[in-house]
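**Student:** I'd like to ask you about the structure that follows.
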Amino acid sequence: LPHPITFRLFNPLNNRYTHAVPREFSAEEGVVVISPFLGEMLGLSPSPESSPPSAPKGSASASATPSPPSQKITISFHPLLKATYARLRPLAAGYDEADWKSLLERELRLGYSTLTAGEILTVTSGGGRYRFLIDKLLPEGSEGVSVVDTDMEVEIVPLSKEQARETVQKKMLKQNSQQGKGWVGGARARKEKGGSVRVGELVQGVVARGEYVDFKLEEWDRAKGVAVELTVGGNGGDQEVGGLVDLLVATSSESGGGAPREDEFIWGDLSSQSTKRVVVGKGNVELAPLSPEQAEGSGEGAEGVEYLSIAVHGYSPPDASPSPPEGEEIFFRLHISQDEDDLSPPKTTAPTPSATEKICTNCNQPIPLGTYPLHTAFCHRNNTPCDFSPPCRTIFRRNGPPIRNIHWHCPHPDCSALGNDAARGGLQKHLSTFHTSRTCPACGFSARNTPQLAAHRVGGCPSKLALCRFCHLLLPQEGVRDQDTDAAGVGVEGERERERISLYLLSGLTHHELACGSRTTECPVCRSRCRLREFAAHKHMHELERLARPRPVKCGNVNCYRIVERDGNGLGLCPICYGPMYAPGVYDPPPYVNLKRRVERKLLTQGLSGCGRAHCTNTWCRTGRGNLGLAAFEGGMGGIKREVVMPLFEKWKSEGGGVGKGGGVRFCVDEETQRKRDLVERVCAEEGWEVEW
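Residue numbers (the UniProt record's numbering): 1 to 693.
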């Protein structure tokens, strides 16, 4: 049987047809259950008992109740050729994705087995849906093609010239809007637009209730922590509006991870204090570098995190108006530091009086003994402490507003939060943020409060967008599903596959990466096919094999580049360099007396007469020394023996008492050998390799 088995589905009522591949053979005799996509392509009326949406779009399914008997179609076995080309036309203008190749690969691999000319191909990416008309297919004359186990060229062309112009206009508009990105509350010039910030920089601005001002910290010393401090109100802060602004921080990159939001952040300060601080330690796991496997698959640098996203959020109650009034703009100051003093937690110790001081019983402050009676009388007459139980150290003026209208304590017994913004809804905000359960809008997870919901959405939420390290698409990370292990099969092979899946999930692979990494690629070293999810380990295995290999033995001739496979000549020379030394039929056991004579004769001839080659640069050759501008050896034969031959033989004697294995000779070589030797030395100097490798 061919693979896959393809069928032609024909609706005789409207003459519409499509092609499909069976998903399973489990329906009753004479009944076929098809997916909603196939029903739409055939023009069948929708049925409430249609197959689940998870069924592949290009396959027939038998896992749901069949359609009404009146909807009859004709099914015939129809082998299809493998697709080689497809031309797609977008049905709307403005389709602008950075990587259509990866998107189409994912969509066709997961949802389609066949393509039919004239059908509508739907591609999903993030929250968008893109619809394409299948305009042309190759091989020529095919009304349908198979997209299983084939390489296909895809061309995307506009549906018309008007659509092409509109697409270009939308792209230009998007680029212009990105250049001005960061303005909050419209284009009012009074508001800070956000943008990039640097360590040590002080940024001032205003934020409106219910809106955000986003900043990016792209450069900082990764060996130190980062302290982000936000002051709400005037120079010293305003306690009455401290709870109206929140500080949110998250890690981000250009390929994934957006600005932090109220229910989606990693670090944050949602308190009612006018000065808010977030300290990200240098050893924080969120800033940890990528593992070698992750860096190899994702293509990102070892740093992992490209920048820190900082958001200043103007808090707005859930039931507030979507358009806060003009007066609801709050001034703030943002400062980022890496000083050790700023990274340490603030000290909140009680004041300790000296020998000449005494603690006031009303304001709990150390007062000099000489002025203590006067201060006590004045303090009790004009100041009143907090009257909550247990009381705090906050002091208020007696002739001011009632304490309960300004000051508040959290009523929950296990919470010690307090604030001075009761008139601005500080207590209500605290209760809503820290003591009200929240539900994840994506997966339905029930969190105790907003911080727990934020930790869920940036951590284990199945709908969190994660960058696939193989196809580089932003997709929901999903979670561990029982179908992953159920589909592994039975027997010993099935058990091994389940163990392998568990290992991959423990190593940090998402559900999509588990499927996407099943694709294979060719190893450039051994030319074998390897799964993408195993490629990093496979490449590391080759690296370990390379490190375990013994060091190659280079030819003993300094001017040669060749590797000696086996040494049988006593000089450690390659066959080409040893050729002039070869004497057939001569018995010369160690210590190679005859061989030493031939070497001496070769060196003397080389030094006295030279090789006569214009390219030679050998310093032991008369010709080479002349080409290099060096003078000839002084003293003739005696000088050559004194400067070249005797030092070489002494070196061999010290190494083994005979000719030795290290070589160290400098014989003249041909022009090709010399050029390759120069190239090897140049590559080793640039790349840091050793000559033997």
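For each residue, glycine too, the CB sits at the ideal point set by N, CA and C.
According to DSSP, simplified to helix, strand and coil, what is D221?
**Tutor:** In this structure, DSSP gives D221 a state outside helix and strand, which the three-state scheme calls coil.
**Student:** Consult DSSP for P373 and reduce its assignment to one of helix, strand or coil.
**Tutor:** Correct three-state label for P373: helix.
**Student:** If you follow the beta strand (DSSP E) that E153 is part of, which residue opens it and which one closes it?
**Tutor:** E153 to I156
**Student:** Just reading off the alpha helix (DSSP H) that F7 is part of, what are its end residues?
**Tutor:** Run containing F7: none in the alpha helix (DSSP H); it sits in the beta strand (DSSP E), F7 to N11.
**Student:** Could you check where the beta strand (DSSP E) with Q204 kicks off and where it finishes?
**Tutor:** L202 to A208
**Student:** Suppose the cutoff is 7 Å on Cβ atoms and the five residues either side in sequence are ignored; what does the same chain contact list for E143 look like?
**Tutor:** Correct list, in chain order: T116 and A117.
**Student:** Between S316 and R209, is the Cβ-Cβ spacing less than 7 Å?
**Tutor:** yes
**Student:** Tell whether a beta-carbon distance below 7 Å holds between R333 and T231.
**Tutor:** yes
**Student:** Check for me: the alpha helix (DSSP H) holding P36 runs from which residue to which?
**Tutor:** P36 to L42
**Student:** Please tell me whether L150 and L80 are closer than 7 Å, where the distance is taken between their beta carbons.
**Tutor:** For the record, residue 150 in the displayed sequence is Thr; it is not Leu. Cβ atoms of T150 and L80: not closer than 7 Å.
**Student:** Tell me whether F667 is buried or exposed, calling it buried when 16 or more other Cβ atoms sit within 10 Å of its Cβ.
**Tutor:** buried
**Student:** What do you get for T352, buried or exposed, if any count of 16 or more other CB atoms within 10 angstroms of its CB means buried?
**Tutor:** Around the Cβ of T352, a 10 Å sphere holds fewer than 16 other Cβ atoms; the residue is exposed.
**Student:** Given this structure, state the Cα-to-Cα distance separating F633 from R549, to the nearest angstrom.
**Tutor:** 42 Å
**Student:** What did DSSP end up calling G301 once you bin it into helix, strand or coil?
**Tutor:** The predicted model places G301 with a pLDDT of 40, which falls under 50 and marks its position as unreliable; any figure quoted below should be read in that light. When DSSP states are grouped into helix, strand and coil, G301 belongs to the coil group.
**Student:** Classify A92 as buried or exposed, calling it buried when 16 or more other Cβ atoms lie within 10 Å of its own Cβ.
**Tutor:** exposed
**Student:** With H, G and I counted as helix, E and B as strand and the rest as coil, what does DSSP make of P552?
**Tutor:** coil
**Student:** In whole angstroms, what is the alpha-carbon distance linking V241 and G314?
**Tutor:** 10 Å
**Student:** Buried or exposed for I403, going by 16 or more other Cβ atoms inside 10 Å?
**Tutor:** buried
**Student:** Name the DSSP bridge partner or partners of G268?
**Tutor:** L248
**Student:** Taking only three categories from DSSP, how would you classify residue 694?
**Tutor:** A query on residue 694 cannot be resolved here, the shown segment of the chain reaching from 1 to 693 and no further.
**Student:** So for Q178, helix, strand or coil by DSSP?
**Tutor:** Note on Q178: pLDDT 43, under 50, position unreliable in the model; the coordinate value appears next. Looking at Q178 - three-state DSSP - the assignment turns out to be helix.
**Student:** Count the other CB atoms, across all protein chains shown, that sit within 10 Å of the CB of S437; report buried if there are 16 or more and exposed otherwise.
**Tutor:** exposed
**Student:** Hey, out of I563, L595 and N627, whose CA is closest to V680's CA?
**Tutor:** I563
**Student:** Check whether the segment 435–453 and the segment 255–274 touch, using three or more Cβ-Cβ pairs below 8 Å as the test.
**Tutor:** yes
**Student:** Just to confirm the assignment: which complete beta strand (DSSP E) runs, minimum length 3, are found wholly within the segment 373–400?
**Tutor:** List check, beta strand (DSSP E) in window: 383–385 and 395–397.
**Student:** Applying the 10 Å Cβ sphere with the 16-neighbour rule, what's the burial state of K181?
**Tutor:** Note that K181 has pLDDT 40, beneath the 50 cutoff, so the model's placement of it is unreliable and the number below is only indicative. Flag for K181 reads exposed.
**Student:** Please report the residue range of the beta strand (DSSP E) in which E143 lies.
**Tutor:** From DSSP, E143 is part of no beta strand (DSSP E); its letter is neither H nor E.
**Student:** Going by the CB atoms, is the gap between G426 and L272 shorter than 7 Å?
**Tutor:** A small correction: the amino acid at residue 272 is Ser; Leu does not occupy that position in the sequence shown. Yes; because the gap between Cβ atoms is below 7 Å, this pair is in contact.
**Student:** Taking the alpha carbon of E211 as the point to measure from, which residue in E328, R23 and G508 has its own alpha carbon closest?
**Tutor:** E328
**Student:** Closer than 8 Å by C-beta to A86: which residues in its own chain qualify, once you throw out the five before and the five after it? Chain order, please.
**Tutor:** L115, I134, K136, L137, L138, V145, M152, E153, V154 and E155
**Student:** Going by DSSP, what residue range makes up the beta strand (DSSP E) through G195?
**Tutor:** G195 to V197
**Student:** Can you check which of these residues, A614, P524 and G607, is closest to A631 by C-alpha distance?
**Tutor:** G607
**Student:** Helix, strand or coil for R100? Go by DSSP, reduced to three states.
**Tutor:** Looking at the sequence itself, residue 100 is Trp, so the reference to Arg does not match. Three-state DSSP puts W100 in a helix.
**Student:** Can you tell me the Cα-Cα spacing of H511 and C443, whole angstroms?
**Tutor:** 16 Å
**Student:** Go ahead and pull the three-state DSSP assignment for L110.
**Tutor:** helix
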